Amino acid sequence: MLSVEDLSLAARLSGVSASLYPGQVTAICGPNGAGKSTLLASLAGLLAPDEGRVALGGEALLAMPSQARAQAIGYLPQTPEVAWDVSVEVLVSLGRIPWAGVPAGEAQDAIDAAIAAMDLDEFRHRPVSRLSGGERARALMARVLATRPRWLLADEPLANLDLGHAAALIARFREQAAAGRGVVLVLHDLANAMNHADRVLVLDRGSLVADGPPREALAEDVIARVWGVRANWLGEEGGLALSHPPC
Amino acid sequence: MTRPVPLLLIGLAIALPLSLLAGRVWIDPFGDATRNAAVILMELRLPRALLAIAVGAGLGGAGAAMQGYLRNPLADPGLFGIAPGAALGAVLSMWLGYAVGPYALPVFALVGAAGAMALLALIAGREGGVALFTLAGLMIASLSGALMSLAISLSPTPFALSEIVTWLMGALVDRSWRDVWIATPLTLAGLGFLVAAARGLDALTLGETAARSLGVDPRRLQTLMIAGIGLTVGAGVAVAGIISFVGLIVPHLVRPLTDRRPSSLIVPSALAGALLLLVADSACRILPLAGGELRLGIALSLIGAPFFLHLLLKMRRGLA
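Given below as structure tokens:
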């Protein structure tokens, strides 16, 4: 279990408490500046809170050795960069950095499995600069998977992806959750959160204002209150679309 | 991944004996014995060649680590301000006239390098952010440059003035075993720190936040970088003066032969830097030039500046 208890950080988060569970896809939603990325980075142990604490399996995350934390929690930043034009395989191998000293064979297994899980076998030796946006997003995700973390945290992983690539990546996240990992995603697109998350946390100006199954946390009255938009969910379960008039 | 290493070792194994034979007095290993051949080889050329290898290895390895740390292929070890700091120390020793003592100049230069390192660590603070660190380095470099100019403009005698100016051009002329004993252990220790930083530099490929999420402690990485760059560059300046462009050019030449991870680049760049300096220094010795020989620092700048321009143009094409 990954949990935050009464977390406050500068002016960006105030008194946020939530417990996240493995085997689920949890989405963090909210308007711009609501504190979504801050909460995700706190869950990854990358920010020290002013008050409250983040705990992994009951243990304070910031007190853990950074290597142990990095082995347990994989984190994909919002604007991932790759400074050098490495091949997909080398990029994915960077995910093994927290496991220094593990036999090379085991590392290679993890790299191969991550490449296979993201359907990147044919691109294995291709330089990152020659990947399309969707392939690049998958390669970056494979880098996180190669760590074999218990938790996968990704900050807007679907940004800049077309519908097909976004749907493919969501399916991969669902597979990871089904395999027992905890998946936590910051999502901008409420329909994706509604249709594909098991649970949604809604943040507004640093406070947690809704937490529960998507149907409840993203109910029309919550959207009206938090986003200030009168919107309606249309369609069927699993394929809902958000319709709203121009404001 | 380590493909270039055997190649570069073979290159060094060929270049080293050749460089020992080349110079104003050519030594023909198969012909008649040259007069004073043993003295020329053992007291002049061997220490000079080993010094070229040590200084070149330090600059090459430092350049590779520096580019990895700043995630920028145009970064140069000079950016941290350690070379100017060391040069300032050396200039002060000449200004004060202590340069006559055998160890004063290198010791002053190392103190200058250490001063720059300490100042860097102090300014960069606890956060370990790369941008602030680079700006601190630039500030130290420009401060050291200004103080050096001050020392030159106030130099007590014309002799000190000419000595300072000549020394700043960078060269391996008239160096002895003493310089080898100073530069080699410090360079090796520095390279050791840079190799220890390699894993963190690999993680930085993904940016600072992702690197921290991979368990890299930015503060520790920064300390390793300061120690590694400080020792390699400081030792190089202490025995050879300012030699530019090696740290910039060498990683570029080596990178396409590796998998492009910073960690795969440090050792090959050190070997390639050693080879480049050894060959360049031998060439300087052979080139006919009125009134002495071409200064190594000048020669490398003459090669390096067009190379840098070529890189810039290539990057501009890439951006277009």
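For the protein sequence lines, the chains are D and P, in the order given.
For the first sequence, position 191 matches number 191 in our numbering, and the numbering has no gaps at all.
For the second sequence, position 46 matches number 1046 in our numbering, and the numbering has no gaps at all.
Built from N, CA and C at the ideal position, the CB exists for glycine as well.
Just so it is clear, the structure is predicted and the values come from calculations on it, not from any experiment.
#1: The alpha helix (DSSP H) spanning Thr1034/P covers which residue range?
#2: Consider the Cβ of Gln108/D: report whether some Cβ of chain P lies at a distance smaller than 8 angstroms.
#3: By DSSP's criteria, Trp233/D is part of a beta bridge. Which residues make up the other side?
#4: Taking the runs of the beta strand (DSSP E) that are 3 residues or longer, which of them lie wholly in the region 51-112 of chain D?
#5: With distance defined between alpha-carbon atoms, name the residue in Gly1058/P, Ser1244/P and Pro1106/P nearest to Ser1176/P.
#6: Within the 8 angstroms Cβ cut-off, does Ile97/D reach chain P?
#7: If we ignore side chains and look at the alpha-carbon of each, how far apart do Ile1027/P and Ala1113/P end up?
#8: Check the Cβ of Leu9/D against every Cβ in chain P and list those closer than 9 angstroms, keeping chain order.
#9: Under 8 angstroms between C-beta atoms, does Gly1207/P make it to chain D?
#10: Quick one: Cα of Leu1191/P to Cα of Ala1183/P, how far?
#11: With a threshold of 6 angstroms on Cβ separation, who are the neighbours of Ala1054/P within its own chain once the five nearest residues in sequence on each side are excluded?
#12: Going straight from the alpha carbon of Met1001/P to that of Val1267/P, what length do you get?
#13: With a 10 Å radius around its C-beta and 16 neighbouring C-beta atoms as the bar for buried, classify Asp119/D as buried or exposed.
#14: Using a C-beta cutoff of 8 angstroms, does Ser1213/P count as contacting chain D?
#15: For Asp198/D, return the contacting residues in chain P, with the cut-off set at a CB-CB distance below 9 angstroms.
#16: Spatial neighbours of Ala1160/P within its chain, please: CB distance less than 8 angstroms, with the 5 preceding and 5 following residues excluded, ordered by chain position.
#17: So, with DSSP's three-state summary, where would you put Ala44/D?
#18: Measure the beta-carbon distance from Gly1068/P to Leu1248/P and round it to whole angstroms, keeping in mind my assumption that it falls under 8 angstroms.
#19: Is the separation between the beta-carbon of Arg69/D and that of Gly1215/P shorter than 8 angstroms?
#20: Under 8 angstroms between the Cβ atoms of Gly182/D and Leu13/D?
#21: Can you give me the start and stop residues for the alpha helix (DSSP H) that Ser132/D sits inside?
#22: Assign Ser1176/P to one of three DSSP states: helix, strand, or coil.
#23: Taking DSSP's pairing of strands, which residues face Gly212/D in a bridge?
#24: Could you tell me whether the region 102-112 of chain D touches the region 63-79 of chain D, where touching means 3 or more Cβ pairs closer than 8 angstroms?
#25: Within the region 1069-1126 of chain P, note down every full alpha helix (DSSP H) run reaching 4 residues or more, in order along the chain.
#26: In angstroms, rounded to a whole number, what distance separates the CA positions of Leu9/D and Gly15/D?
#27: Give the DSSP-derived three-state secondary structure of Asp155/D in the structure shown.
#28: Would DSSP call Ser8/D helix, strand or coil?
#29: Report the neighbours of Arg1199/P on chain D: residues whose CB is nearer than 8 angstroms to its CB, in chain order.
#30: Excluding sequence positions up to five away, which residues of its chain have a Cβ less than 7 angstroms from the Cβ of Val1250/P?
#31: Have a look at the DSSP bridge pairing and note the partners of Ala18/D.
#32: Below 8 angstroms, how does it come out for the region 86-97 of chain D and the region 121-131 of chain D: are there three or more Cβ pairs, yes or no?
#33: Rounded to whole angstroms, what's the CA-CA distance from Gly212/D to Ala224/D? Just pull it up for me.
#34: Should Asp1217/P be flagged as near chain D, meaning a C-beta pair shorter than 8 angstroms?
#35: Under the assumption that Ala171/D contacts Ala142/D (Cβ atoms under 8 angstroms), give the Cβ distance between them as a whole number of angstroms.
#36: Please list, in chain order, the chain P residues whose beta carbon lies closer than 8 angstroms to that of Gln67/D.
Well, looking at it:
#1: In the second sequence, residue 1034/P corresponds to position 34, counting from 1. No alpha helix (DSSP H) holds Thr1034/P; DSSP gives it neither H nor E.
#2: Residue numbering aside, residue 108/D sits at position 108 when the first sequence is read from its first letter. By this cut-off, Gln108/D is not an interface position.
#3: The sequence position of residue 233/D within the first sequence is 233, counting from 1. In DSSP, Trp233/D forms a bridge with Leu242/D.
#4: 51-56 and 73-76
#5: Counted from its first residue, the second sequence places residue 1176/P at position 176. For Ser1176/P, the nearest C-alpha among the options comes from Pro1106/P.
#6: Counting from 1 along the first sequence, the entry for residue 97/D is found at position 97. With 8 angstroms as the cut-off, Ile97/D counts as an interface residue toward chain P.
#7: The count along the second sequence starts at 1 and reaches residue 1027/P at position 27. The count along the second sequence starts at 1 and reaches residue 1113/P at position 113. Distance between the alpha carbons of Ile1027/P and Ala1113/P is about 38 angstroms.
#8: On the first sequence, residue 9/D is found 9 positions in, with the first residue counted as 1. By Cβ distance, chain P contributes nothing, its closest Cβ being about 15 angstroms from Leu9/D, past 9 angstroms.
#9: Counting from 1 along the second sequence, the entry for residue 1207/P is found at position 207. True, the Cβ-Cβ gap to chain D drops below 8 angstroms.
#10: In the second sequence, counting from the first residue as 1, residue 1191/P sits at position 191. In the second sequence, counting from the first residue as 1, residue 1183/P sits at position 183. Rounded to the nearest angstrom, the two C-alpha atoms are 12 angstroms apart.
#11: For the purposes of this step, residue 1054/P is identified with residue 54 of the second sequence, where counting begins at 1. Ala1183, Thr1184 and Thr1187.
#12: Counting from 1 along the second sequence, the entry for residue 1001/P is found at position 1. Counting from 1 along the second sequence, the entry for residue 1267/P is found at position 267. Model confidence at Met1001/P stands at a pLDDT of 48, short of 50, so the residue's coordinates are unreliable and nothing is read from them.
#13: Counted from its first residue, the first sequence places residue 119/D at position 119. Counting Cβ neighbours within 10 Å, Asp119/D comes out exposed, since fewer than 16 surround it.
#14: Looking up residue 1213/P in the second sequence gives position 213. Output row for Ser1213/P: interface = yes.
#15: By one-based count along the first sequence, residue 198/D stands at place 198. In chain order: nothing, as chain P lies at least about 24 angstroms away.
#16: By 1-based counting over the second sequence, the position of residue 1160/P is 160. Within the same chain, Ala1160/P has close Cβ partners Met1094, Trp1095 and Gly1097.
#17: Against the first sequence, residue 44/D aligns to sequence position 44. Three-state result, Ala44/D: coil.
#18: As a first step, residue 1068/P must be located in the second sequence, where it is residue number 68. As a first step, residue 1248/P must be located in the second sequence, where it is residue number 248. Gly1068/P to Leu1248/P, Cβ: 13 angstroms. No contact.
#19: Residue numbering aside, residue 69/D sits at position 69 when the first sequence is read from its first letter. Residue numbering aside, residue 1215/P sits at position 215 when the second sequence is read from its first letter. Yes.
#20: In the first sequence, the residue the question calls residue 182/D occupies position 182. In the first sequence, the residue the question calls residue 13/D occupies position 13. In this structure, Leu13/D does not lie closer than 8 angstroms to Gly182/D by Cβ.
#21: Here residue 132/D refers to the residue found at position 132 of the first sequence. Premise fails: Ser132/D is in no alpha helix (DSSP H) and is neither H nor E.
#22: Along the second sequence, read from residue 1 onward, the residue named residue 1176/P stands at position 176. Looking at Ser1176/P - three-state DSSP - the assignment turns out to be coil, as it is neither helix nor strand.
#23: Along the first sequence, one-based indexing puts residue 212/D at 212. Beta-bridge pairing links Gly212/D to Val200/D.
#24: no
#25: 1082-1095 and 1104-1124
#26: Along the first sequence, one-based indexing puts residue 9/D at 9. Along the first sequence, one-based indexing puts residue 15/D at 15. Cα-Cα distance, rounded: 9 angstroms.
#27: Looking up residue 155/D in the first sequence gives position 155. Here Asp155/D sits in strand by DSSP.
#28: Working through the first sequence from its first residue, we reach residue 8/D at position 8. Of the three classes helix, strand and coil, the one that applies to Ser8/D here is strand, per DSSP.
#29: Sequence index remark: in the second sequence, residue 1199/P carries index 199 (1-based). Under the 8 angstroms cutoff, chain D gives Ile97 and Ala100.
#30: Residue numbering aside, residue 1250/P sits at position 250 when the second sequence is read from its first letter. Cβ within range, chain order: Gly1060, Gly1063, Ser1269, Ala1272, Gly1273 and Leu1276.
#31: Along the first sequence, one-based indexing puts residue 18/D at 18. DSSP output for Ala18/D lists Val4/D as bridge partner(s).
#32: yes
#33: Walking along the first sequence from the start, residue 212/D turns up at place 212. Walking along the first sequence from the start, residue 224/D turns up at place 224. Approximately 17 angstroms between the Cα atoms of the pair.
#34: Numbered from its first residue, the second sequence carries residue 1217/P at position 217. Closer than 8 angstroms: yes.
#35: Indexing the first sequence from 1 puts residue 171/D at position 171. Indexing the first sequence from 1 puts residue 142/D at position 142. Actually they do not touch by this definition, with Cβ atoms about 14 angstroms apart.
#36: By 1-based counting over the first sequence, the position of residue 67/D is 67. Those within 8 angstroms of Gln67/D in chain P are Gly1215.
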